[in-house]
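J.: I have a structure here, written as structure tokens, and I will follow up with some questions on it.
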Amino acid sequence: MKLFLDTEFVDLIPGAKLISIALVDENEDFFYAELTDTYTLADCSDFVKLNVLPYLRGDPYKMTWAECQIRIGVWIEERGVDCTIASDNPPWDIPYLNKLLTTHVWPQNLETSYYPIWVPEKDKLEIIQAGNLDIHNALDDAIVMKRFEIDK
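In the working numbering, each number is its position in the sequence shown, counted from 1, plus 277.
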């Protein structure tokens, strides 16, 4: 099963701090977390302040890094089948997932390789509009990838 991954972070710089992470499976069940202890408002670029933070969902998705590590691993294991990560931006998204899923909590059913995906901008905008989704929200961006790849 493919798990579609997206992240949001404070800026487009190496080592940027994670704001949120989402995984959406092929049935559109999802894991979504907004980290509470990884960044401050001062860390965020102006772009992020205007285009990412307003689209965060808040409770019940807020959690610490440590809580996210446990919950995301459990969620992946609950899929009950072998899983592969699909990402439209592997160089940015995969490292955050790898940091969360250290060798201590790596789900046994998760492949270590990933599946790159590319959603043309035209298709992305159509899916966003049709689904009333928010651009630059990790959950909605992961849903866009899933709908393009699975529902096309």
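For glycine and all other residues, C-beta sits at the position ideal for the given N, C-alpha and C.
Could you give the residue range of the beta strand (DSSP E) that holds isoleucine 298?
T.: For the purposes of this step, residue 298 is taken as residue 21 along the sequence shown, with counting starting at 1. Counting along the chain, the beta strand (DSSP E) containing isoleucine 298 begins and ends at 295-302.
J.: Using 8 Å as the cut-off, can you tell me whether the segment 388-403 makes contact with the segment 306-320, which would need three or more C-beta pairs spanning the two stretches below that distance?
T.: Not touching, per the Cβ criterion.
J.: Which residue spans inside the segment 343-368 form an unbroken beta strand (DSSP E) run of at least 3?
T.: Listed in chain order, the complete beta strand (DSSP E) runs (minimum 3 residues) inside the segment 343-368 are 360-364.
J.: List the endpoints of the continuous alpha helix (DSSP H) containing glutamate 403.
T.: As a working mapping, residue 403 is identified with position 126 in the sequence shown. Its alpha helix (DSSP H) spans residues 398-408.
J.: Let me check understanding here. Comparing Cα to Cα, which of Ile412, Arg424 and Ile420 lies closest to tyrosine 332?
T.: For the purposes of this step, residue 332 is taken as residue 55 along the sequence shown, with counting starting at 1. It is Ile412.
J.: Tell me which residues share the same chain as glutamate 388 and place their Cβ nearer than 6 Å to its Cβ, disregarding the 5 neighbours each side in the sequence.
T.: Looking up residue 388 in the sequence shown gives position 111. Cβ neighbours of glutamate 388 beyond the five flanking positions: Thr361.
J.: Is the CB-CB distance between valine 382 and glutamine 406 below 8 Å?
T.: In the sequence shown, residue 382 corresponds to position 105, counting from 1. In the sequence shown, residue 406 corresponds to position 129, counting from 1. Result no, Cβ atoms of valine 382 and glutamine 406 do not sit closer than 8 Å.
J.: Apart from the five residues on each side of it in sequence, which residues of its chain come closer than 6 Å, Cβ to Cβ, to aspartate 418?
T.: Here the question's residue 418 lines up with position 141 in the sequence shown. Answer for aspartate 418: Asp283, listed in chain order.
J.: Which whole-angstrom value is the C-beta distance of lysine 279 and alanine 363, which I expect to be below 8 Å?
T.: Counted from its first residue, the sequence shown places residue 279 at position 2. Counted from its first residue, the sequence shown places residue 363 at position 86. 4 Å between Cβ atoms; contact.
J.: What is the residue span of the alpha helix (DSSP H) that glutamate 305 lies within?
T.: For this step, residue 305 is matched to residue 28 along the sequence shown. Element bounds for glutamate 305: n/a, residue is neither H nor E.
J.: Closest by CA to alanine 293, which one among Asp302, Asp370 and Tyr391?
T.: The count along the sequence shown starts at 1 and reaches residue 293 at position 16. Nearest option by C-alpha distance: Asp370.
J.: So, do the segment 370-379 and the segment 286-303 have three or more beta carbon pairs nearer to each other than 8 Å?
T.: In short, these stretches touch, since the Cβ pair count reaches three.
J.: Based on the DSSP secondary-structure assignment, which residues constitute the bridge partners of glutamate 285?
T.: As a position in the sequence shown, residue 285 is number 8, starting the count at 1. Ser297, per the DSSP bridge assignment.
J.: How is the beta strand (DSSP E) around leucine 387 delimited, first residue to last?
T.: Translated into the one-based positions of the sequence shown, residue 387 becomes position 110. Where leucine 387 is concerned, the enclosing beta strand (DSSP E) stretches over 387-393.
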